[in-house]
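From first to last, the protein sequence lines are chains C and A.
Note that this note's numbering has the first sequence beginning at 1, numbered continuously upward.
Note that this note's numbering has the second sequence beginning at 1001, numbered continuously upward.
Input: a single structure, listed below in structure tokens.
Number of protein chains: 2
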Amino acid sequence: MGAVILPSNLFADLPKHLPEELVQTLINAGSVRIERIVSDGHASPDGFWYDQDQHEWLMLIKGGARLLFEGEEQPVRMSTGDWLNIPAHKKHRVEWTTPDEATIWLALHYDMPK
Amino acid sequence: MGAVILPSNLFADLPKHLPEELVQTLINAGSVRIERIVSDGHASPDGFWYDQDQHEWLMLIKGGARLLFEGEEQPVRMSTGDWLNIPAHKKHRVEWTTPDEATIWLALHYDMPK
Chain C
1 MGAVILPSNL
11 FADLPKHLPE
21 ELVQTLINAG
31 SVRIERIVSD
41 GHASPDGFWY
51 DQDQHEWLML
61 IKGGARLLFE
71 GEEQPVRMST
81 GDWLNIPAHK
91 KHRVEWTTPD
101 EATIWLALHY
111 DMPK
Chain A
1001 MGAVILPSNL
1011 FADLPKHLPE
1021 ELVQTLINAG
1031 SVRIERIVSD
1041 GHASPDGFWY
1051 DQDQHEWLML
1061 IKGGARLLFE
1071 GEEQPVRMST
1081 GDWLNIPAHK
1091 KHRVEWTTPD
1101 EATIWLALHY
1111 DMPK
């Protein structure tokens, strides 16, 4: 029969103090990984760009953020419920997250079949 | 450089009238599929059980629901932010979704490497 399946909550267990962005893996199934990311006013370090081997589906669950893609003048503003898909090796960085509250992201990293 | 990446919103474009549950595929990447599911008081038909070949990571984004797993006496109550992982072929059904507002789910269907 297996164990009883009980839900966890994405808003639960937010650390009171967050010196760095917090990345927690919820599911790791080989080529698919689901993460909860909690930012508290954090941004990517100056000059840093994410350059990932996998595609990333990213949703902003709570808070607010600005994401900059390489080659763009203006960052993309993200609010609660906003999602986008970042192709592998599409360089991007987090310019800003709201300092007023914790920003919670849901990130899904996945491979695309050739 | 590619097209500008702009977000979509998971709360947007909710139909005013929903005679049946609405399932929309957001990303289909071979072995990974992300869906938005909108329920408006819908439940699974009497005697119906989901029996899926893929694993499903399921999060309740908005609203409320009760999910029943085969062999369990009591359904699992799900509220905003709750998520759980349903192994492939773990039979389950939606017993209830709140009639007061639309219930929005995020569902990720994926394979687990052997």
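Just so it is clear, CB atoms sit at the ideal spot from N, CA and C, and this is done for glycine as well.
Could you tell me which residues DSSP pairs with A/Leu1058 in its beta bridges?
According to DSSP, A/Leu1058 bridges with A/Leu1084 and A/Ala1107.
Suppose contacts are defined by Cβ-Cβ distances below 8 Å. Is A/Asp1082 in contact with A/Leu1060 by that definition?
yes
How long is the line joining the alpha carbons of C/Ile27 and A/Trp1057, rounded to whole angstroms?
Each residue's alpha carbon lies about 8 Å from the other.
Should A/Met1088 and A/Asp1053 be called a contact, given that it needs their Cβ atoms to be closer than 8 Å?
As written in the sequence, residue 1088 of chain A is Ala, which differs from the Met given in the question. Yes, Cβ-Cβ distance for A/Ala1088 and A/Asp1053 is below 8 Å.
What are the residues in the segment 2-14 of chain C lying within 8 Å of chain A by C-beta distance?
Gly2, Val4, Ile5, Leu6, Pro7, Ser8, Asn9, Leu10, Phe11 and Ala12
What residues in the segment 1034-1050 of chain A bring their beta carbon closer than 7 Å to a beta carbon of chain C?
Ile1034
Is C/Phe69 helix, strand or coil by DSSP?
DSSP places C/Phe69 in the strand class (E or B) of the three-state scheme.
Considering only residues of the same chain and omitting the five flanking positions on each side of C/Trp96, which have a CB-CB separation below 7 Å?
Ala43, Ala65 and Arg66
Short-range partners of chain C found in the segment 1065-1085 of chain A, where Cβ spacing is below 7 Å
Phe1069, Gly1071, Glu1072, Val1076, Met1078, Gly1081, Asp1082, Trp1083, Leu1084 and Asn1085
Check the Cβ of A/Pro1019 against every Cβ in chain C and list those closer than 7 Å, keeping chain order.
Taking the beta carbon of A/Pro1019 as reference, no residue of chain C falls within 7 Å; the closest one sits roughly 24 Å away.
Considering only residues of the same chain and omitting the five flanking positions on each side of A/Leu1068, which have a CB-CB separation below 6 Å?
Pro1075, Arg1093 and Glu1095
So, under 8 Å CB-CB, A/Gly1071 and A/Glu1101 are touching, yes? Tell me the CB distance rounded to an integer number of Å.
Not quite, the Cβ-Cβ distance comes to about 31 Å (not below 8 Å), so this is no contact.
Whose C-alpha, out of A/Ile1086, A/Thr1103, A/Asp1111 and A/Pro1113, is nearest the C-alpha of A/Leu1022?
Nearest in C-alpha terms to A/Leu1022, of all of A/Ile1086, A/Thr1103, A/Asp1111 and A/Pro1113, is A/Thr1103.
Spatial neighbours of A/Asn1085 within its chain, please: CB distance less than 6 Å, with the 5 preceding and 5 following residues excluded, ordered by chain position.
Trp1057
Opposite C/Val32 in the DSSP bridges: which residues?
The partner list for C/Val32 (beta bridge, DSSP) reads C/Ala29 and C/Tyr110.
Verify whether the separation of the beta carbon atoms of C/Tyr50 and A/Ala1029 is less than 8 Å.
no
Smallest Cα separation from C/Trp105: which of C/Ser31, C/Glu35, C/Lys91 and C/Pro7?
C/Glu35
Which listed residue (C/Leu10, C/Phe48 and C/Leu14) has its alpha carbon closest to that of C/Ala107:
C/Leu10
Can you confirm whether A/Gly1063, when its beta carbon is compared against all beta carbons of chain C, has any partner nearer than 8 Å?
With 8 Å as the cut-off, A/Gly1063 does not count as an interface residue toward chain C.
Can you have a look at A/Pro957 and say buried or exposed, based on whether 16 or more other CB atoms are within 10 angstroms of its CB?
Since the first residue of chain A shown is 1001 and the last is 1114, residue 957 of chain A is not available in this structure.
Are A/Val1032 and C/Val32 closer than 8 Å when you measure CB to CB?
yes
From A/Phe1048, A/Pro1113, A/Met1112 and A/Glu1073, pick the residue whose C-alpha is nearest to that of A/Lys1091; which is it?
The shortest C-alpha separation from A/Lys1091 is found at A/Phe1048.
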